[in-house]
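Have a look at the structure below, then the notes.
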Amino acid sequence: MLRTLDAIDRGVEILVAAIFAIILAVALLQVFHRFALNSSLSWSEELQIFGHIWIVFLGIPLVYRRGAHLYIELLCDMLPRQPRAAFNLLIELTWAMFAVSLMVLGWMVARVAHLQESPGLEVPMSYPYLGMVVGGAYLLLVAIRRIGCGAWRPTA
């Protein structure tokens, strides 16, 4: 099971890097078109915005998996071991609830936005909002993994 989760983590890391590379390439192409060819691409800004949305919502679980999100340690470090464990578990459960809310709200917005079409790319506007759903699902998977592996237990 952990091997599968590690493979998913690696796949998401590669996907985020690929999206970033595409954003960079499209930005450079847009600059070339504007300054060298004196014309602009109608779709490039939209693609970059959509890519950034996906990077953010896939990046949240990547950073959370490493425990690298901002965290107020001062309060937690002042607590004795048992309350600290309960506090950390509460934080992990809050992440799981946040993931579920991302999935539900993202799905609701994506369903409504699917009726609209983006002007530049001419794709359904649900595509960027699906980043919330996919990112939320991945975040929930990471939260369950962290809770199950005991990442909330104090180390010292």
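In the numbering used here, the protein residues as written are -2 to 153.
Glycine residues also receive a C-beta, built at the ideal position from the N, C-alpha and C atoms.
Cβ pair alanine 204, alanine 65 closer than 8 Å: Beyond the ends of the chain as shown, which are -2 and 153, falls residue 204; an answer cannot be given.
Contact between the region 127 to 139 and the region 44 to 60 (3+ Cβ pairs under 8 Å): Proximity of the region 127 to 139 to the region 44 to 60 meets the contact definition, three or more beta-carbon pairs being nearer than 8 Å.
DSSP bridge partner residues for proline 155 (one or two, in chain order): Any answer about residue 155 is impossible in this case: the structure gives the chain only from -2 up to 153.
Exposure of serine 36, with buried meaning 16 or more beta-carbon neighbours within 10 Å: Numbered from its first residue, the sequence shown carries residue 36 at position 39. In summary, serine 36 is exposed, with fewer than 16 beta-carbon neighbours lying within 10 Å of its beta-carbon over all protein chains present.
Classification of methionine 100 by the beta-carbon crowding that lies within 10 angstroms, buried from 16 upward: Taking the sequence shown and counting its residues from 1, one reaches residue 100 at position 103. By the neighbour-count rule (16 or more Cβ atoms within 10 Å), methionine 100 is buried.
Buried or exposed (CB count within 10 angstroms, at least 16 for buried), glutamate 119: As a first step, residue 119 must be located in the sequence shown, where it is residue number 122. With fewer than 16 other beta carbons inside 10 angstroms of its own, glutamate 119 counts as exposed.
Other residues of its chain near histidine 111: CB distance less than 8 Å, five sequence neighbours each side excluded: Reading the sequence shown from its first residue, position 114 is the one you call residue 111. Cβ within range, chain order: Pro121, Met122, Ser123.
Same chain only: Cβ atoms within 6 Å of isoleucine 20, ignoring 5 sequence neighbours per side: For the purposes of this step, residue 20 is identified with residue 23 of the sequence shown, where counting begins at 1. Gln45, Gly48.
Proximity of leucine 136 and proline 77 at Cβ, strictly below 8 Å: As a position in the sequence shown, residue 136 is number 139, starting the count at 1. As a position in the sequence shown, residue 77 is number 80, starting the count at 1. No; because the gap between Cβ atoms is not below 8 Å, this pair is not in contact.
C-alpha gap between leucine 102 and leucine 34, whole angstroms: The residue you call residue 102 lines up with position 105 of the sequence shown. The residue you call residue 34 lines up with position 37 of the sequence shown. Looking at the two C-alpha atoms, the distance is approximately 42 Å.
First through last residue of the alpha helix (DSSP H) which encompasses glycine 147: Within the sequence shown, the letter at position 150 stands for residue 147. Neither: glycine 147 is in no alpha helix (DSSP H) and is coded neither H nor E.
CA-to-CA distance, alanine 14 to tyrosine 61, given in whole angstroms: Here residue 61 refers to the residue found at position 64 when the sequence shown is read from its first residue. Here residue 14 refers to the residue found at position 17 when the sequence shown is read from its first residue. When the Cα atoms are used, tyrosine 61 and alanine 14 turn out to be separated by approximately 17 Å.
Residue burial classification, isoleucine 11 (beta-carbon count within 10 angstroms, cutoff 16): If you number the sequence shown from 1, residue 11 lands on position 14. Exposed is the call here.
CB contact flag (proline 125, isoleucine 50, <8 Å): As a first step, residue 125 is located in the sequence shown; it is residue number 128 there, counting from the start. As a first step, residue 50 is located in the sequence shown; it is residue number 53 there, counting from the start. Yes, the pair counts as a contact, with Cβ atoms nearer than the cut-off.
Assigned exposure category for alanine 18 - 16 Cβ within 10 Å defines buried: What you label residue 18 is simply residue 21 of the sequence shown in a count that begins at 1. So alanine 18 counts as exposed.
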